[in-house]
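Line by line, the protein sequences are chains A and B. With the first letter of the first sequence counted as 1, position 18 gets the number 18 in this note's numbering; the numbers rise by one all the way through. If you count the second sequence from 1, you need to add 1000 to reach this note's numbering. Glycine included, each C-beta is placed from N, C-alpha and C at the ideal position. Contents: one structure, followed by commentary.
There are 2 protein chains.
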Amino acid sequence: MANSSIHEEVLQGLKWRYATKQFDASKKISEADWKVLEQSILLSPSSYGIQPWKAFVVTSDELKQKLPSAAWGQNQPKDCSHFVVFAARKHVDQAYVLKFVQRTADVRGMDVSSLNGLRDAILAKTSHLQDHQSWTARQCYIGLGFLLETAAMLKIDACPMEGILPDKVDEILGLSSTDYTTVVACALGYRQPTDKYATAEKVRFEAGDLVQIL
Amino acid sequence: MANSSIHEEVLQGLKWRYATKQFDASKKISEADWKVLEQSILLSPSSYGIQPWKAFVVTSDELKQKLPSAAWGQNQPKDCSHFVVFAARKHVDQAYVLKFVQRTADVRGMDVSSLNGLRDAILAKTSHLQDHQSWTARQCYIGLGFLLETAAMLKIDACPMEGILPDKVDEILGLSSTDYTTVVACALGYRQPTDKYATAEKVRFEAGDLVQIL
Chain A
1 MANSSIHEEV LQGLKWRYAT KQFDASKKIS EADWKVLEQS ILLSPSSYGI QPWKAFVVTS
61 DELKQKLPSA AWGQNQPKDC SHFVVFAARK HVDQAYVLKF VQRTADVRGM DVSSLNGLRD
121 AILAKTSHLQ DHQSWTARQC YIGLGFLLET AAMLKIDACP MEGILPDKVD EILGLSSTDY
181 TTVVACALGY RQPTDKYATA EKVRFEAGDL VQIL
Chain B
1001 MANSSIHEEV LQGLKWRYAT KQFDASKKIS EADWKVLEQS ILLSPSSYGI QPWKAFVVTS
1061 DELKQKLPSA AWGQNQPKDC SHFVVFAARK HVDQAYVLKF VQRTADVRGM DVSSLNGLRD
1121 AILAKTSHLQ DHQSWTARQC YIGLGFLLET AAMLKIDACP MEGILPDKVD EILGLSSTDY
1181 TTVVACALGY RQPTDKYATA EKVRFEAGDL VQIL
């Protein structure tokens, strides 16, 4: 059983976080904090571990200024410190699967031929999937979950954002002709003291309504 | 900036976790730990906060014995302590939106009519969505992310499982004629010392390959 201090620390972080509407544009995430946030993105799991997405992290002011136009005028992308765009692979083709299998062999010091079973299992899955992107997009949301919980543990404010125009974000970030397309984003930074949502009661359904023990 | 001990604690948890293949069926998650895991499910964010999914937590031996048949014979659902099935709403209808808006008013002590703008925004979104379930399913994955990271912080083993047959899990859990359908699951509990995956090197692409600063 974990000790009660980590229990308190996790609960406190999860209750503290909220979808930040107003960021203080003058406050930036430190390099030490960013390293941990980046690791939480990198270490988040995915189906077979194939990580069929990338995270594009916008910190340049020039790009940030363009983003509200791709987010229904919302200012979080512009005012936050780091704006993380999760972009899913449009297609998990054979070359990508082979690259992942080779990476596995390299990291684990194995002969790549010993991973033929893994390779074939993934290729069987991808060849049967009609819509790769609906599968790869879901994996982005695990990364989003890890990023949000890690930010909460570090007391860094965040706003997960689905209300963005993927095509327009792709265009601004230069992704349009790549293998990746925008799925969801997350603004990270520090709240303005005037953000009234910070003190609004958190709304959730009753535990018994959402979680049922069988 | 967060202090370095929470940095270390988060990183250590994320590196410690792995997709557990063999669970020790004799070890159960304590009530105190489960309460925190449950809260992490409940507190995970979702689009508009509408929580368009439920978590069904299988602890009964009778149900657990049936689950490997819905998971390509994998034993994690049977041998773990708590098997969490994330089931997405098939459709976010007007009644559900009104229930959420009423809940918001109740929790925040507001007059429900002051939330007409929120109500209309959500109804506009849902009326334009062709496929509600692909949207609600993605929200499940945020919950999965929160559950996995919380488990890691508590040193509870976990195995995220997409390799399940949703229709069959629905049938076993009695969900087939409900508004919810199985999307993804997560086995939670404690590893067997014989699970060789516990010591295998974690495979991830290079940080510079997955995360790009713009």
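- Item | Beta-carbon spacing of residue 1211 of chain B, residue 55 of chain A below 7 angstroms | yes
- Task: Alpha carbon to alpha carbon, how far is residue 86 of chain A from residue 174 of chain A? Give it in angstroms, no decimals.
- Result: 14 angstroms
- Query: What are the complete alpha helix (DSSP H) segments, minimum 4 residues, inside the region 1046-1078 of chain B?
  - Reply: 1061-1066
- May I ask you to verify whether the region 1166-1185 of chain B touches the region 75-90 of chain A, counting CB pairs closer than 8 angstroms and requiring at least 3? no
- What separation, rounded to the nearest whole angstrom, lies between the Cα atoms of residue 1113 of chain B and residue 206 of chain A? 22 angstroms
- Task: Below 7 angstroms between beta carbons is the criterion; list the residues of the region 1146-1167 of chain B that meet it against any residue of chain A, in chain order.
- Result: 1146, 1148, 1149, 1150, 1153, 1154, 1155, 1160, 1162
- Contact list for the region 1014-1048 of chain B against chain A, Cβ threshold 7 angstroms: 1014, 1015, 1019, 1030, 1032, 1033, 1036, 1038, 1039, 1040, 1041, 1042, 1043, 1044, 1045, 1047
- Item | CB contact below 7 angstroms: residue 1092 of chain B versus chain A | no
- Message: In the DSSP output, which residue or residues are listed as bridge partners for residue 1213 of chain B?
- Response: A:57
- Name the chain A residues whose beta carbon is nearer than 7 angstroms to that of residue 1181 of chain B? Under the 7 angstroms cutoff, chain A gives no residues; its nearest Cβ is about 14 angstroms from residue 1181 of chain B.
- Item | Outcome for residue 1194 of chain B when other beta-carbon atoms lying within 10 angstroms are tallied against a minimum of 16 | exposed
- Name, please, each residue of chain A whose Cβ falls closer than 7 angstroms to the Cβ of residue 1205 of chain B. 51, 103
- Query: Taking Cβ-Cβ distances shorter than 7 angstroms, what residues in chain B pair up with residue 56 of chain A?
  - Reply: 1212, 1214
- Please work out which residues of its chain come closer than 7 angstroms, Cβ to Cβ, to residue 46 of chain A, disregarding the five sequence neighbours upstream and downstream, and give them in chain order. 52, 139, 142
- Task: Spell out whether any CB of chain A is found under 7 angstroms from the CB atom of residue 1119 of chain B.
- Result: no
- Query: So which residues of chain B does residue 201 of chain A contact, with C-beta pairs closer than 7 angstroms?
  - Reply: 1107, 1108
- Message: Would you say residue 994 of chain B lies against chain A (beta-carbon separation less than 7 angstroms)?
- Response: Here chain B has residues from 1001 to 1214 only, and residue 994 of chain B is not among them.
- Task: Would you list, in sequence order, the uninterrupted beta strand (DSSP E) runs of no fewer than 3 residues that lie entirely inside the region 75-119 of chain A?
- Result: 82-89
- Taking Cβ positions, are residue 180 of chain A and residue 89 of chain A nearer each other than 7 angstroms? yes
- Beta carbon of residue 188 of chain A, beta carbon of residue 1043 of chain B: below 7 angstroms? no
- Limits of the unbroken beta strand (DSSP E) element including residue 157 of chain A: 157-161
- So with Cβ pairs under 7 angstroms, would you call residue 190 of chain A a contact of chain B? no
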